[in-house]
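Shown next, in structure tokens, is the structure this report addresses.
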Amino acid sequence: MTRTNGNGGHEADAVRAAATGAGTGEGTPPVCAPTPRWGHRCGNFSEEEWRAIPGWETSYEVSSLGRVRGLRRPLATGRWWASRIKKTSNNHGYMWVQLSRYGVDKWFPVHRLVLEAFNGLPLIAHPQTRHLNGIRDDNRPENLSWGSAYANARDRDAHGTTARGERQHLAKLSPEKVQAIRRRRADGVVIVAIANEFGVSFTTIQNILSGRTWRHVVW
Numbered sequence: 003m004t005r006t007n008g009n010g011g012h013e014a015d016a017v018r019a020a021a022t023g024a025g026t027g028e029g030t031p032p033v034c035a036p037t038p039r040w041g042h043r044c045g046n047f048s049e050e051e052w053r054a055i056p057g058w059e060t061s062y063e064v065s066s067l068g069r070v071r072g073l074r075r076p077l078a079t080g081r082w083w084a085s086r087i088k089k090t091s092n093n094h095g096y097m098w099v100q101l102s103r104y105g106v107d108k109w110f111p112v113h114r115l116v117l118e119a120f121n122g123l124p125l126i127a128h129p130q131t132r133h134l135n136g137i138r139d140d141n142r143p144e145n146l147s148w149g150s151a152y153a154n155a156r157d158r159d160a161h162g163t164t165a166r167g168e169r170q171h172l173a174k175l176s177p178e179k180v181q182a183i184r185r186r187r188a189d190g191v192v193i194v195a196i197a198n199e200f201g202v203s204f205t206t207i208q209n210i211l212s213g214r215t216w217r218h219v220v221w
């Protein structure tokens with residue numbers, strides 16, 4: 003089932019205007035633009051297309067702009083559940099949404115719902131989702147593709163988002179400290195002493211010296 007022009011009830015009119023180009027005199031809005039509250043808004047609401055989420059066809063749909071809505075459906079109480087746009091949650095730049103069935107709530111990454119609805123189920127083992135332009139909350143079908151872990155890693159390198167060195171979560175070191183570690187070892191300081199000095203493990207120092215980590219830092 004395909005529907006178009008879904009109602010964005012929970013979003014501010016200003017955000018809708020910015021996404022559609024309304025009131026700006028511009029016929030075509032920017033492909034992807036940041037907003038103060040809702041992250042990136044990509045595409046045009048007037049061209050929004052809705053499709054059923056595989057496995058949730060009677061309950062939810064996802065759109066070509068990466069929005070998710072619940073469908074009007076009867077409840078066990080005899081009342082009806084009204085159609086509405088689902089709120090999404092940002093997790094490290096990726097958008098997630100909570101779907102409910104039989105009283106059980108589950109969280110799903112929006113990009114995967116879009117891919118399954120618009121591009122079909124993956125044909126490879128252990129698939130990952132690729133954001134082709136590097137913008138994690140741009141969940142338009144044309145920006146998404148199934149791929150391998152290797153392809154995803156290549157994308158992150160190309161986009162400059164690979165978690166290297168000090169970008170890694172809870173990293174204690176910096177390029178300057180890594181250079182200092184290498185100099186200490188070149189001066190004959192034992193690895194245990196270097197690890198104690200910089201407050202890291204013996205293995206961390208070994209990995210730096212062997213080039214397994216921080217090899218992008220030259221000295």
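With positions in the sequence shown counted from 1, the corresponding number in the working numbering is that position plus 2.
C-beta: ideal position from N, C-alpha, C; glycine also.
- If you draw a straight line from the Cα of Glu144 to the Cα of Tyr96, it comes to about 17 Å.
- Boundaries of the beta strand (DSSP E) around Glu63: Tyr62 to Ser65.
- With contacts defined by Cβ atoms closer than 8 Å, Arg132 and Ser147 form a contacting pair.
- Taking C-alpha positions only, Lys174 is separated from Phe200 by approximately 8 Å.
- The shortest C-alpha to C-alpha distance from Ser66 to any of Pro76, Cys44, Ala160 and Thr60 is the one to Cys44.
- According to the DSSP assignment, Pro177 belongs to the alpha helix (DSSP H) that extends over Pro177 to Ala188.
- For His128, no beta strand (DSSP E) encloses it, and the DSSP letter there is neither H nor E.
- Contact between Phe204 and Ala197 holds: CB atoms are separated by about 5 Å, below the 8 Å threshold.
- Under the DSSP assignment, Ala119 falls in the alpha helix (DSSP H) whose first and last residues are Val112 to Phe120.
- Separation of Tyr62 and Ser48 (C-alpha to C-alpha, rounded to the nearest whole angstrom) is 20 Å.
- CA-CA distance, Asp139 to Tyr104, rounds to 29 Å.
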